[in-house]
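Down below is the structure, laid out as structure tokens.
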Amino acid sequence: MESQFRRVSGPPGRPPGEAGLTRGLLLGGGLFALLLLISQAIFIVPAGTVAVITTLGKVTDPPRTAGPNLKLPLLQQAYSFDIKTQVVPEKFASLTKDLQVIEATATLKYALKPDKAGDIFAEIANDNRQIYPRIVQPSLLKALKAVFSQNELVTIASEWGSISDRVEARVADELKRYGYVDVQGLDLTGLVIAEEYRSAIEEKQIAEQRLLKAETEVRIAEEEAKRFQTLSESLSGEVLYKLFLDKWDGKTSVVPGLPGGSPVPVIVNGGR
1 MESQFRRVSG PPGRPPGEAG LTRGLLLGGG LFALLLLISQ AIFIVPAGTV
51 AVITTLGKVT DPPRTAGPNL KLPLLQQAYS FDIKTQVVPE KFASLTKDLQ
101 VIEATATLKY ALKPDKAGDI FAEIANDNRQ IYPRIVQPSL LKALKAVFSQ
151 NELVTIASEW GSISDRVEAR VADELKRYGY VDVQGLDLTG LVIAEEYRSA
201 IEEKQIAEQR LLKAETEVRI AEEEAKRFQT LSESLSGEVL YKLFLDKWDG
251 KTSVVPGLPG GSPVPVIVNG GR
């Protein structure tokens, strides 16, 4: 009698296409992981920037320059820093030497030194936004306070150009101590002072112009006096007699006496 039960010979086999699909998924996953690693290893540093490379959070390489660069995927990170010239206006208020309050705007031009980007990242700032408030701004405000506190308001207003140069030099000296940035220029604009001091400033400027004019006139008078003295010393009796003879028309009856001789004038047609 034939058994009604089907003999079980072993586990059921996989469908014919399942093994190929699994291999395809594994291959696709591997390619995706490979592309992901390549994308993590290659990065582009834009022009005008440098990249600081860290390995497990520590700065390990010199700053990378513009162009394609390589790093270790997952282990290394790249942080970009701008090295182009930055132009930042800073509005400020300060006391003068005579305790007057002024307001103005200091526009500073500076640039990050490319070779210092790694030191900045390790010690001060993790991105560009922190460079100005943490490095540049404190030195700028210190220089402004130092220069304006040494001058009276009238001097500041009348010598605005030289004051700007002095502030720029002071800021450059302050920032040179750290060596992170280069100062490329500074402009002071928008001076605001109390109205009652404007007339005093104008009066000082007028007085300085009058003094300059008087000094110029004195110098001219001194030069004229020197010229007259030199001319007087050079006009000896012989020279004067020669000048007379050069100009004499031969008709004048009385002529000067001969040099070195009698001082009595000579009468040409009168017997002398």
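Using full-length UniProt numbering, you'd call the opening residue of the sequence shown number 1 and step up by one each time.
Glycine included, every Cβ here is placed at the ideal spot set by N, Cα and C.
Please state if the CB of Val136 and the CB of Arg166 are separated by a distance shorter than 8 Å. no
C-alpha gap between Ile124 and Tyr79, whole angstroms: 14 Å
Where the beta strand (DSSP E) through Lys91 begins and ends: Segment 86-95, the beta strand (DSSP E) holding Lys91.
In this structure, does DSSP put Gln100 in helix, strand or coil? The three-state secondary structure of Gln100, taken from DSSP, is coil.
So, is the C-beta of Tyr110 closer than 8 Å to a C-beta in chain D? Of the protein chains in the structure, only one exists, and it is not chain D.
Given this structure, state the Cα-to-Cα distance separating Ile193 from Ser164, to the nearest angstrom. 17 Å
Cβ of Tyr132 within 8 Å of Cβ of Gln184? Going by C-beta atoms, Tyr132 is not nearer than 8 Å to Gln184.
Looking only at its own chain, which residues have a Cβ that is under 7 Å from the Cβ of Ala117, when we skip the five neighbours before and after it? Val50, Val52, Pro63, Phe81
Determine the extent of the alpha helix (DSSP H) in which Leu188 is found, giving its start and end residues. Looking at the DSSP string, Leu188 is not in any alpha helix (DSSP H); the run it does join, the beta strand (DSSP E), is 181-192.
Please report the distance separating the alpha-carbon of Lys142 from that of Ile83. 24 Å
Which value, in whole angstroms, describes the spacing of the CA atoms of Ser139 and Glu168? If I take the Cα positions, the gap works out to 11 Å.
Would you call the CB atoms of Val45 and Phe121 closer than 8 Å? no
Which of helix, strand or coil DSSP assigns to Gln150: Here Gln150 sits in coil by DSSP.
Can you give me the Cβ contacts of Glu103 inside the same chain, cut-off strictly under 6 Å, excluding the 5 residues immediately before and after it? Ala93, Val192
Whole-Å CB distance - Leu112 paired with Tyr180, under 8 Å assumed: 7 Å
Simplified DSSP assignment, three categories, for Gly271: Its pLDDT being 44, under 50, Gly271 is placed unreliably in this model, and the coordinates cannot settle the point.
Beta-carbon gap between Leu188 and Ala106 smaller than 8 Å: yes
Identify every run of the beta strand (DSSP E) within the segment 58-89, keeping only runs that are complete inside it and at least 3 residues long; order them along the chain. 67-70, 76-82
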